[in-house]
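Trainee: The sequence shown runs 2 to 388 under our numbering. Beta carbons: idealized from backbone N, C-alpha and C, even for Gly.
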Amino acid sequence: MEKTWRWFGPNDPITLDMLRQIGVEGIVTALHHIPNGEVWSEEEVVKMRDYIEDHGLRWSVVESLPVSESIKYAGPDRDELIEKYKVSLANLGKAGVKTVCYNFMPVLDWARTDLEYPNPDGTSNLYFNQAEFAYFDIYILKREGAEADYDADTLKRVEELKASMTPEGEKRLVENIIVKTQGFVNGNISEADLDPVAKFRELLDLYKGIDAKQLRENMAYFLNAIMPVCREYDINMCVHPDDPPRPILGLPRIVTCDADIEAFLNAVPDPHNGLTFCAGSLSAGAQNDVTKLAEKYADRTHFVHARICNVLPGGDFKESTHLDPRLVSVVRTFEKRRPGVPMRVDHAPLMLGDEKMGYNAGYSFHGRMLALGMVGGIMATVATEKD
Ligand code: DNO
């Protein structure tokens, strides 16, 4: 696989020169300064590509070219937005940037409740606590009918949590769930929003009446519309699985498991319609066996996210080590079957001073560097194995 790294542009404190020193071969980035829904002009695309190439690297993957909410819920301006998306794709294709990651998660991209969950060794990790998430849903968002979406054990944990919850604790949940994890991925809410909860409620309202079937249709509509451009420029689209891989906050999620992946690939059976194999997101669902999924979908995978989660009792989950045997197996599959596919690590621990640097959640320097070294070691070992 090609060793890539998610870099957030020229203002990222982790510079391209640093990345060359640690063995990174390709860059994963986006034009983060262009608002969601606007065209990425040829000029802006070429400027970014040349900046990266001037530093001895290549722009391997776009993550993400964001799909506007209106395309997801089929708003009145969706065709107009799809046309703009096609222009951006064509501009990327002309500049030779041909792998595009996106997601089709309504309203909320990835979700975590804790961004610095302490590990016994002094490092910290991302963590998803199902009871804290349910607390946010029931008592902060106050979503109608929210209780019905949680089992009795979770609701019991929520009440225990309520007994000790403080205003600071509630603020921290809002920041972690809908602010700090979203702004930097061009999500709907950013640090500049004064009332993120109110804005979030308005966004949820846009999806009233949209179920999984409708969302699937909207995704197929979008993919069918962009496929001609993808064919013309040989662009591989790769959807990111839903994280966590289950419906949340009353919203449908449609890239959560084997059957979902099969459904969207079959709905638009063009090789340019592919998958970002995020082993981490998929492994956060107890229903998924990532080693089997990697074998099954290697041919339609255009981008790999190397990380892995442990599912804990009660629906909680936590990132595991990049040396987890399941990840070894996933890396082996892609090394053997898709040797050149771009791969990046993420969601590595905060360690050795990372915590003081204000990095985007999940995108530490030392933690990711160690993880890349680990995955690189697995790749080198696999290269010595006979078939
Ligand atoms: C989280 C990321 C996601 C991903 C998007 C792709 O760490 O993996 O935010 O970039 O879902 O569109």
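In chain order, what residues of the same chain lie with their CB nearer than 6 Å to the CB of SER284, ignoring the 5 residues before and after it?
Mentor: Locating residue 284 in the sequence shown gives position 283, where the first residue counts as 1. VAL291, ILE309 and CYS310, listed in sequence order.
Trainee: Using the beta-carbon count (16 or more within 10 Å), is ASN92 buried or exposed?
Mentor: Here residue 92 is taken as the residue at index 91 of the sequence shown, counted from 1. Counting Cβ neighbours within 10 Å, ASN92 comes out buried, since at least 16 surround it.
Trainee: Give a yes or no on contact between the segment 150–164 and the segment 75–82, applying the rule of three or more CB pairs nearer than 8 Å.
Mentor: Not touching, per the Cβ criterion.
Trainee: Between the alpha carbons of ARG202 and TYR234, how many angstroms are there, rounded?
Mentor: Taking the first residue of the sequence shown as 1, we reach residue 202 at position 201. Taking the first residue of the sequence shown as 1, we reach residue 234 at position 233. Taking the straight line from one Cα to the other gives about 39 Å.
Trainee: Is the beta carbon of ARG345 less than 8 Å from the beta carbon of ALA299?
Mentor: What you label residue 345 is simply residue 344 of the sequence shown in a count that begins at 1. What you label residue 299 is simply residue 298 of the sequence shown in a count that begins at 1. Contact flag unset, no.
Trainee: Assess, as a yes-or-no matter, whether the segment 184–198 is touched by the segment 63–77 under the definition of 3 or more beta carbon pairs within less than 8 Å.
Mentor: Verdict: yes, contact present.
Trainee: I'd like the ranges of any beta strand (DSSP E) spanning at least 3 consecutive residues and lying wholly in the segment 50–78.
Mentor: Listed in chain order, the complete beta strand (DSSP E) runs (minimum 3 residues) inside the segment 50–78 are 59–64.
Trainee: Give me the Cβ distance between VAL342 and VAL305, rounded to the nearest whole Å; I'm assuming they're in contact under 8 Å.
Mentor: As a working mapping, residue 342 is identified with position 341 in the sequence shown. As a working mapping, residue 305 is identified with position 304 in the sequence shown. Confirmed, about 6 Å.
Trainee: Between ILE23 and MET370, how many whole angstroms is the CB-CB distance? I'm expecting something under 8 Å.
Mentor: Taking the sequence shown and counting its residues from 1, one reaches residue 23 at position 22. Taking the sequence shown and counting its residues from 1, one reaches residue 370 at position 369. So it is a contact: roughly 5 Å between Cβ atoms.
Trainee: When you compare only the Cα positions, how much space is there between PRO197 and LYS181?
Mentor: Residue mapping note: residue 197 aligns to position 196 of the sequence shown, counting from 1. Residue mapping note: residue 181 aligns to position 180 of the sequence shown, counting from 1. Whole-angstrom Cα-Cα distance: 11 Å.
Trainee: Do you know how far the Cα of ILE379 is from the Cα of VAL329?
Mentor: By one-based count along the sequence shown, residue 329 stands at place 328. By one-based count along the sequence shown, residue 379 stands at place 378. Rounded to the nearest angstrom, the two C-alpha atoms are 6 Å apart.
Trainee: Cutting at 7 Å between CB atoms, please list the residues of its own chain near LEU116, excluding the five before and the five after it.
Mentor: Start at 1 with the first residue of the sequence shown, and residue 116 comes out as number 115. Answer for LEU116: LEU127, ASN177, LYS181 and ALA362, listed in chain order.
Trainee: Kindly indicate which residue of GLU218, ILE28, ASN225 and GLY251 has the alpha-carbon position closest to the one of ASP261.
Mentor: Walking along the sequence shown from the start, residue 261 turns up at place 260. Measuring from the Cα of ASP261, the nearest candidate turns out to be GLU218.
Trainee: Which residue comes first and which comes last in the alpha helix (DSSP H) that contains ASN219?
Mentor: Start at 1 with the first residue of the sequence shown, and residue 219 comes out as number 218. Start and end: 213–234.
Trainee: Roughly how far, in whole angstroms, is the beta-carbon of HIS56 from the beta-carbon of ARG21, given that I think they are within contact range, below 8 Å?
Mentor: Taking the first residue of the sequence shown as position 1, residue 56 is located at position 55. Taking the first residue of the sequence shown as position 1, residue 21 is located at position 20. Right, the Cβ-Cβ distance comes to about 7 Å (below 8 Å), so this counts as a contact.
Trainee: Just to check, is the beta-carbon of HIS33 closer than 7 Å to a non-hydrogen atom of the ligand DNO?
Mentor: On the sequence shown, position 32 is the one that residue 33 refers to. Incorrect: HIS33 has no Cβ contact closer than 7 Å to the ligand DNO.
Trainee: Could you tell me which of PRO272, LYS319 and GLU263 sits nearest to LYS297, measuring between CA atoms?
Mentor: Residue 297 sits at position 296 when you count from the first residue of the sequence shown. Selected option, being the one with the closest Cα: GLU263.
Trainee: To the nearest whole angstrom, what separates the beta carbons of TYR86 and ILE227, a pair I think is in contact under 8 Å?
Mentor: Your numbering for residue 86 matches position 85 in the sequence shown. Your numbering for residue 227 matches position 226 in the sequence shown. So it is a contact: roughly 6 Å between Cβ atoms.
Trainee: In chain order, which continuous runs of the alpha helix (DSSP H) of length 4 or greater are located wholly inside the segment 340–387?
Mentor: The segment 340–387 contains these whole alpha helix (DSSP H) runs: 367–385.
Trainee: Beta carbon of GLY275, beta carbon of ASN237: below 8 Å?
Mentor: Counting from 1 along the sequence shown, the entry for residue 275 is found at position 274. Counting from 1 along the sequence shown, the entry for residue 237 is found at position 236. Yes, the Cβ-Cβ distance between GLY275 and ASN237 is below 8 Å.
Trainee: Which residues does DSSP pair with SER191 in a beta bridge?
Mentor: As a position in the sequence shown, residue 191 is number 190, starting the count at 1. Answer is none; SER191 lacks a bridge partner.
Trainee: Since VAL88 and VAL40 are thought to touch, with beta carbons under 8 Å apart, how far apart are those beta carbons, to the nearest angstrom?
Mentor: As a first step, residue 88 is located in the sequence shown; it is residue number 87 there, counting from the start. As a first step, residue 40 is located in the sequence shown; it is residue number 39 there, counting from the start. 5 Å between Cβ atoms; contact.
Trainee: In angstroms, rounded to a whole number, what distance separates the CA positions of GLY97 and GLY374?
Mentor: Numbered from its first residue, the sequence shown carries residue 97 at position 96. Numbered from its first residue, the sequence shown carries residue 374 at position 373. Approximately 28 Å between the Cα atoms of the pair.
Trainee: State the DSSP-derived secondary structure class of LEU109, mapped to helix, strand or coil.
Mentor: Against the sequence shown, residue 109 aligns to sequence position 108. Looking at LEU109 - three-state DSSP - the assignment turns out to be coil, as it is neither helix nor strand.
Trainee: Where does THR292 sit, in a helix, a strand or coil, going by DSSP?
Mentor: As a first step, residue 292 must be located in the sequence shown, where it is residue number 291. Helix.
Trainee: Determine the direct distance from the alpha carbon of GLY316 to that of TYR151, and round the result to whole angstroms.
Mentor: As a position in the sequence shown, residue 151 is number 150, starting the count at 1. As a position in the sequence shown, residue 316 is number 315, starting the count at 1. Spanning the two alpha carbons is a distance of roughly 10 Å.
Trainee: Smallest Cα separation from HIS348: which of TRP111, ASN289 and THR16?
Mentor: To locate residue 348, count along the sequence shown from 1; it is residue 347. Minimum Cα distance to HIS348 is reached at TRP111.
Trainee: Tell me, to the nearest whole angstrom, how far the beta carbon of ARG254 is from that of ASP243; I am working on the premise that it is less than 8 Å.
Mentor: Working through the sequence shown from its first residue, we reach residue 254 at position 253. Working through the sequence shown from its first residue, we reach residue 243 at position 242. 4 Å between Cβ atoms; contact.
Trainee: CA-CA distance, ARG333 and VAL383?
Mentor: By 1-based counting over the sequence shown, the position of residue 333 is 332. By 1-based counting over the sequence shown, the position of residue 383 is 382. C-alpha separation (whole angstroms): 6 Å.
Trainee: If you follow the alpha helix (DSSP H) that THR334 is part of, which residue opens it and which one closes it?
Mentor: Residue 334 sits at position 333 when you count from the first residue of the sequence shown. Counting along the chain, the alpha helix (DSSP H) containing THR334 begins and ends at 326–338.
Trainee: Which of helix, strand or coil does DSSP assign to ARG254?
Mentor: Here the question's residue 254 lines up with position 253 in the sequence shown. Note: ARG254 maps to coil in three-state DSSP.
Trainee: Kindly give me the distance between the Cβ atoms of HIS241 and ASN104, rounded to whole angstroms, as I take these residues to be in contact under 8 Å.
Mentor: Along the sequence shown, one-based indexing puts residue 241 at 240. Along the sequence shown, one-based indexing puts residue 104 at 103. Confirmed, Cβ separation roughly 4 Å.
Trainee: Contact defined as beta carbons within less than 8 Å: I believe PHE137 pairs with LEU174. What is the distance between those atoms, to the nearest angstrom?
Mentor: Position 136 of the sequence shown holds residue 137. Position 173 of the sequence shown holds residue 174. 5 Å between Cβ atoms; contact.
Trainee: Between the C-alpha atoms of HIS34 and SER42, what's the straight-line distance to the nearest angstrom?
Mentor: Here residue 34 refers to the residue found at position 33 when the sequence shown is read from its first residue. Here residue 42 refers to the residue found at position 41 when the sequence shown is read from its first residue. Going from the Cα of HIS34 to the Cα of SER42 covers about 12 Å.
Trainee: Specify, as a first and last residue, the run of the beta strand (DSSP E) that SER125 falls within.
Mentor: Counting from 1 along the sequence shown, the entry for residue 125 is found at position 124. Element bounds for SER125: 125–129.
Trainee: Under 8 Å, do THR124 and LEU351 count as touching if we go by C-beta distance?
Mentor: As a working mapping, residue 124 is identified with position 123 in the sequence shown. As a working mapping, residue 351 is identified with position 350 in the sequence shown. Cβ distance < 8 Å, so THR124 and LEU351 count as in contact.
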